[in-house]
Amino acid sequence: MSRFIAVLMCFTYSFLTLSWAGTPVVVESFPPSNQLYSQLAVTMVKVDKSARRMYLMSGDTLVREYRIALGKQPKGHKRFEGDNRTPEGRYYLDYVLEESEFYRSVHISYPAPSDRKWAEKYDIDPGGNIKIHGLKNGERRSSGYVQSFDWTDGCIAITNQEMDEFIDLVRMGTPIIIEW
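Written as structure tokens, this is what we have:
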């Protein structure tokens, strides 16, 4: 038993510390994911509303995963202005907004022509202005707390630090698929 513990401790030590040119490097000090994966082009953004997760994909390779907050009524597809739902379907990320009521944001191409057609059929406004954004400017509560519940009007929210990383990793024109 003590031999097993000694072997386990040696393995753990060598796993947690690596030697590069004689300088120990702790695993936790690796560069942020945007530096690790900067060579991987993000080809798709996938949102799983039911899991409250957003995935940046390069082909079939996961580049980055984010915990997200959604609209206050997260279940179901957005149908009209003010329903507090996050749309479902295939859209595109079309432009960055540096100045708004939120810390940086990326606009999502909702409503698509099919969303407009459905809304026109029922003579309602499909809404719009759906974005991926950081926290509301002036937010004083911790990002961990704010991200623990759905609080947007239909947008997808991540932390400010994650928003900076997202904009660095994702090019405008990248498709986004949003599903329950």
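Numbered by mature numbering (1 follows the signal peptide of the UniProt record, and there is no 0), the letters in the sequence shown go through residues -21 to -1, 1 to 159 in order. Where is the CB? At the ideal position from N, CA and C, for every residue including glycine.
Straight-line gap, Thr131 to Lys110 (C-alpha atoms, nearest Å) | Computed Cα separation, rounded: 10 Å.
Subject >> Rounded straight-line distance, which links the Cα of Leu114 to that of Ala150 >> reply: Reading off the sequence shown, one finds Arg at residue 150, where the question assumed Ala. Their Cα atoms are separated by approximately 21 Å.
**Report entry** Inter-residue spacing [alpha-carbon to alpha-carbon] between Gly61 and Thr22
**Finding:** Those two C-alpha atoms are separated by around 31 Å.
* Using only alpha-carbon positions, find the residue among Tyr82, Pro105, Phe145 that is nearest to Glu44. => The shortest C-alpha separation from Glu44 is found at Phe145.
What does DSSP give as the partner residue(s) for Tyr70 in the beta ladder? Note: Tyr70 sits in a beta bridge opposite Ile155.
Requested in this report: State the Cα-Cα distance for the pair Pro66 and Tyr124, rounded to the nearest angstrom.
Outcome: Cα-Cα distance, rounded: 24 Å.
Review point. Can you list, in chain order, the residues of its chain whose CB lies under 6 Å from that of Ser121, leaving out five sequence neighbours each side?
Key: There are no such residues.
| query | Would you say Ile87 and Asp104 are within 9 Å of each other, going by their C-beta atoms? | reply | For Ile87 and Asp104, no; Cβs fall outside 9 Å.
TODO: Mark Leu35 as exposed unless 16 or more other C-beta atoms lie within 10 angstroms of its C-beta, in which case mark it buried.
DONE: A residue is called buried when at least 16 other Cβ atoms come within 10 angstroms of its Cβ; Leu35 meets this threshold and is buried.
Glu99, DSSP secondary structure in three states
Glu99 carries a helical assignment under DSSP once its states are collapsed to helix, strand and coil.
Hey, which unbroken runs of the alpha helix (DSSP H) at 4 residues or more fall wholly within the stretch 100 to 146? You should have 122 to 125.
Endpoints, the beta strand (DSSP E) within which Tyr34 is located:
Here the beta strand (DSSP E) through Tyr34 covers 32 to 37.
Sequence-distant residues of the same chain with beta carbon closer than 7 Å to Asn63, five excluded per side: In the same chain as Asn63, and ignoring 5 residues on each side of it, the C-beta atoms closer than 7 Å to its own belong to Gly50, Lys51, Gln52, Asp132, Gly133, in chain order.
Tell whether a beta-carbon distance below 9 Å holds between Gln140 and Ala48.
Taking 9 Å as the Cβ cut-off, Gln140 and Ala48 do not qualify as a contacting pair.
| task | Would you decide whether Pro92 is buried or exposed? Buried here means 16 or more other CB atoms lie within 10 Å of its CB. | result | Exposed.
First and last residue of the uninterrupted beta strand (DSSP E) at Leu41
Secondary structure note for Leu41: its beta strand (DSSP E) is the uninterrupted segment 40 to 46.
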